[in-house]
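Peer 1: When the sequence shown is numbered by our numbering, its final residue is 515 and no position is left out of the sequence of numbers.
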Amino acid sequence: MKRILLPAGGAVLATGLLAAGLAGTAQADNTVSSDPLAATAAKAAETLDFWSKSDYAALKGAVAFNPDALEVSKISAGGGYSADTKPGQAEPIGGEKKSVAKVQNINNPKTTGKVFFEGRDGKLYWCSGTSIQSQYRNLVATAAHCAYDIAANDEVVSRWVFVPGYFQGKAPWGIYVGKQAFTHYDFAVYEDFDRDYAFVTVYDGIGGTINKPKQVTKAEYDAYKGEKTFKKVEVSRDEYRAGRLDPKKAEYYERVRGTREENTGPDFPGAEVIKNEVTEEEYKAARTGKGNGFKFGEPIVEQVTIAAAKDYDDKHKAGSKDHKGTAVVDERTGNATITHFYTQQWVKPGTPRGYFRTDFYVVGHEVKSIGRLGDVVGGQGFAYNQPTGKDVRVFGYPYGPHLDGNKPYTGVTPKWCYGKTAKNVIRIPSKKVEEQLSLKCAVTAGYDGAPWLYKYSNAKRLGYVNGVTSLIADTDNNKRYDTITSPYFDGETNTVYKAAAASWSGKLIP
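#1: Do Ala-47 and Thr-474 come within 8 angstroms of each other at the CB atom, strictly closer than that value?
#2: Given Thr-293, which residues of its chain have a CB within under 8 angstroms of its CB, disregarding the five upstream and five downstream residues?
#3: Should the stretch 230-248 be regarded as contacting the stretch 350-362, the criterion being three or more beta carbon pairs within less than 8 angstroms?
#4: Go through its chain and collect everything with a Cβ distance to Phe-235's Cβ below 8 angstroms, but skip five positions before and after it.
#5: Using 8 angstroms as the Cβ pair cut-off and three pairs as the minimum, do the stretch 343-361 and the stretch 445-457 touch?
#6: Under three-state DSSP, which class holds Pro-434?
#7: Report the residue from Val-166, Lys-253, Arg-249 whose alpha carbon sits nearest the alpha carbon of Gly-529.
#8: Just to confirm my understanding: we take Leu-53, look at its own chain, exclude 5 residues before and 5 after, and list those with CB closer than 8 angstroms. What are they?
#9: Who pairs with Phe-167 in a beta bridge, going by DSSP?
#10: Would you kindly check if the distance between the Cβ of Glu-256 and the Cβ of Lys-217 is under 8 angstroms?
#11: Take the Cβ of Glu-497 as the centre, count every other Cβ of all protein chains shown within 10 Å, and call the residue buried at 16 or more, exposed below.
#12: Go ahead and pull the three-state DSSP assignment for Asp-272.
#13: If we call anything under 8 angstroms between Cβ atoms a contact, is Val-448 one with Gly-401?
#14: Does Tyr-459 come out as helix, strand or coil in the three-state DSSP assignment?
#15: Roughly how many whole angstroms lie between the Cα atoms of Thr-135 and Phe-273?
#16: Could you say which of Gly-451, Ala-49, Asp-318 lies nearest to Tyr-414 if we only look at CA atoms?
#17: In chain order, which beta strand (DSSP E) runs of at least 3 residues are fully inside the stretch 218-280?
#18: Can you give me the start and stop residues for the alpha helix (DSSP H) that His-321 sits inside?
#19: Am I right that Val-368 and Glu-282 are in contact with their C-beta atoms under 8 angstroms? What's the rounded C-beta distance?
#20: So, under 8 angstroms CB-CB, Thr-426 and Ser-443 are touching, yes? Tell me the CB distance rounded to an integer number of Å.
#21: Taking the CB atoms as reference points, tell me whether Ser-163 and Glu-196 lie closer together than 8 angstroms.
#22: Strictly by DSSP, which residues pair up with Asp-364?
#23: Just to confirm my understanding: we take Gly-280, look at its own chain, exclude 5 residues before and 5 after, and list those with CB closer than 6 angstroms. What are they?
#24: In this structure, does DSSP put Phe-55 in helix, strand or coil?
#25: Rounded to whole angstroms, what is the Cα-Cα separation between Glu-439 and Asn-463?
#26: How big is the Cα-Cα spacing for Gly-386 and Lys-237?
#27: Excluding sequence positions up to five away, which residues of its chain have a Cβ less than 6 angstroms from the Cβ of Thr-344?
#28: To test your reading of the DSSP string, which unbroken beta strand (DSSP E) runs of 3 or more residues are found completely within the stretch 326-406?
#29: Is the CB-CB distance between Asn-471 and Thr-90 below 8 angstroms?
#30: How many angstroms separate the CA atom of Ala-95 from the CA atom of Ala-228?
#31: Residues in its own chain within less than 6 angstroms of Val-333 by CB, not counting five upstream and five downstream?
#32: Would you decide whether Leu-42 is buried or exposed? Buried here means 16 or more other CB atoms lie within 10 Å of its CB.
#33: Work out the CA separation of Phe-198 and Lys-436 for me, nearest whole Å.
#34: Out of Gly-511, Gly-383, Gly-424, Arg-337, point me to the one whose CA is closest to Ser-374's CA.
#35: So, is Pro-169 buried or exposed, given that buried needs 16 or more other C-beta atoms within 10 angstroms?
#36: The alpha helix (DSSP H) spanning Lys-289 covers which residue range?
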């Protein structure tokens, strides 16, 4: 099942990974379902290594989660939503201490980041997410389909991490490995998109310098069992000689003797053609085309002095191998030329001679625990059973194309949307959607899981998570997405949130 993309006219495109595993735990009231992501420190360490090795190559290679679409039908607007309990909220933590004047520029919250994971198809994806306050300051809010995969027997995704402030392969505030995911039982079991939210506990963040090459001696290189590399550096003949005379450095240096060119045919792999000067008679007798002895382009005429032409002609007549061209002297005009003629010679290129030094490196991981997520970037508050038709601000990383193929977003930096949520809910019976909220916002895939922040303070960069992006819709049939939706956060959402917010995770590095 997927995050739903909603074209106009009654067709819904579903995209996204959904649903907790049936093997997960659930409360007796059938409200909370949870599953481990990296239950042990060893599993978490493997996840961290996977994403961080080779200079964060896996993070850079992930793409916005946007699987093939699945069409469903019957979209309609319903009435207003009636809260199931009294409104409530949990206060945010952290935030900016310095107040600023009210301006149009929006300060992106440090809490916003990307959720990275490996799907059951073996591909690497990302969604949006945010740090949210909890008892142990270790919680991330995102869409449930960014943590669960019902296409693979209701299992959680693999190698789940959160990177706040992610930017082009950099993790400015560390990497946080997911430990346990919490969602609503109806989402886990019945694929109910009205419950498309997840709260994920994470281990303490890992920061510092990851994958930093350190130059070492040959002995240290040989003894090192981890990731290592070397590179050859061309040096002068003098450095080579000095290095070879040094017992401690002799093995670092080598001489490459090089190889000569070898004559071959034009069809030999990697063969290159060179020109071979011949006499005018030989050139005229040569054929055109591709092959040894065939003509090499047109003759080349060289303007020279009369004296030089006469000297060249004398040597040519004497049979000099270096004077095969034809010299012509016009005494009347004072002009003189030498015309050179060439045929093809195909060769296997040789290699040049040179002197080299080998430098050895081990790839170190100078990492450390940088603390709990909420202590590092703060945490948004949480609100539930709030009235509809109120202002929210949404922060996420759009990347995918519109329905017409247009792709206006890079996914590099977060984009925000602002406005009042619609008072009437959206209904999609085939996805069991009966009461999702909507907001006008022209974003695309990658915005999945983006937090809907109620009462957002631009000065403090904090508000209250009152929804997460679940669906993206084209409501006017112009092949451009213009609306996003979110589950309504009610009392049962609060029950799921409270269960996650009270769960401890711990450190990866003591």
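Beta carbons are placed, not taken as given, at the ideal position from N, Cα and C, and that holds for glycine.
Just so we're clear, the structure is a prediction, and the values are computed from it rather than from any experiment.
Peer 2: The structure says:
#1: Against a cut-off of 8 angstroms, the Cβ pair of Ala-47 and Thr-474 comes out as no contact.
#2: Leaving aside the five residues that flank Thr-293 on each side, the residues in its chain whose CB is nearer than 8 angstroms to its CB run, in chain order, Phe-299, Lys-300.
#3: These segments touch.
#4: Within the same chain, Phe-235 has close Cβ partners Tyr-226, Thr-363, Asp-364, Phe-365, Tyr-366.
#5: Contact between the stretch 343-361 and the stretch 445-457 is absent, because fewer than three Cβ pairs lie under 8 angstroms.
#6: Three-state result, Pro-434: helix.
#7: Past the boundaries of the shown model lies residue 529; the chain is included only from 6 to 515, so the question cannot be answered.
#8: The residues Val-166, Ile-180, Val-182, Ile-211, Leu-513, in chain order, have a CB closer than 8 angstroms to that of Leu-53 in the same chain once the five nearest residues on each side in sequence are set aside.
#9: Bridge partners of Phe-167: Val-120, Tyr-181.
#10: In this structure, Glu-256 does not lie closer than 8 angstroms to Lys-217 by Cβ.
#11: Glu-497 comes out buried.
#12: Correct three-state label for Asp-272: coil.
#13: Going by C-beta atoms, Val-448 is nearer than 8 angstroms to Gly-401.
#14: Strand, per DSSP.
#15: In this model, Thr-135 and Phe-273 are separated by some 59 angstroms (Cα to Cα).
#16: Here the closest residue by C-alpha is Gly-451.
#17: The DSSP assignment places complete beta strand (DSSP E) segments of no fewer than 3 residues inside the stretch 218-280 at 233-240, 258-261, in order along the chain.
#18: Segment 311-322, the alpha helix (DSSP H) holding His-321.
#19: The pair is not a contact, with the Cβ atoms about 53 angstroms apart (cut-off 8 angstroms).
#20: Contact flag correct, Cβ pair sits at about 7 angstroms.
#21: Glu-196 sits away from Ser-163, with the two beta carbons spaced by 8 angstroms or more.
#22: DSSP, once it has assigned bridges, lists Lys-236 as partnering Asp-364.
#23: Here residue 280 is Lys; the residue named in the question, Gly, does not match the sequence. Annotation for Lys-280: Phe-301, Tyr-347 place their beta carbon closer than 6 angstroms to its own, counting only its chain and skipping 5 residues before and after.
#24: Here Phe-55 sits in helix by DSSP.
#25: In a straight line, the C-alpha of Glu-439 is about 33 angstroms away from that of Asn-463.
#26: Straight through space, the alpha carbons of Lys-237 and Gly-386 are spaced by roughly 54 angstroms.
#27: If we look at Thr-344 and ignore the five residues flanking it on each side, its Cβ neighbours are Pro-304, Val-306, Gly-330, Thr-331.
#28: Scanning the stretch 326-406 from its first residue to its last, the whole beta strand (DSSP E) runs of 3-plus residues come out as 331-335, 340-353, 359-376, 386-389, 396-401.
#29: No.
#30: Going by the C-alpha atoms only, they are around 53 angstroms apart.
#31: The answer, listed in chain order, is Thr-342.
#32: With a threshold of 16 other beta carbon atoms within 10 Å, Leu-42 meets it and is buried.
#33: Each residue's Cα considered, the two are about 6 angstroms apart.
#34: The option with the nearest alpha carbon to Ser-374 is Gly-511.
#35: Buried, by the Cβ-count rule.
#36: Run containing Lys-289: 285-290, per the alpha helix (DSSP H) assignment.
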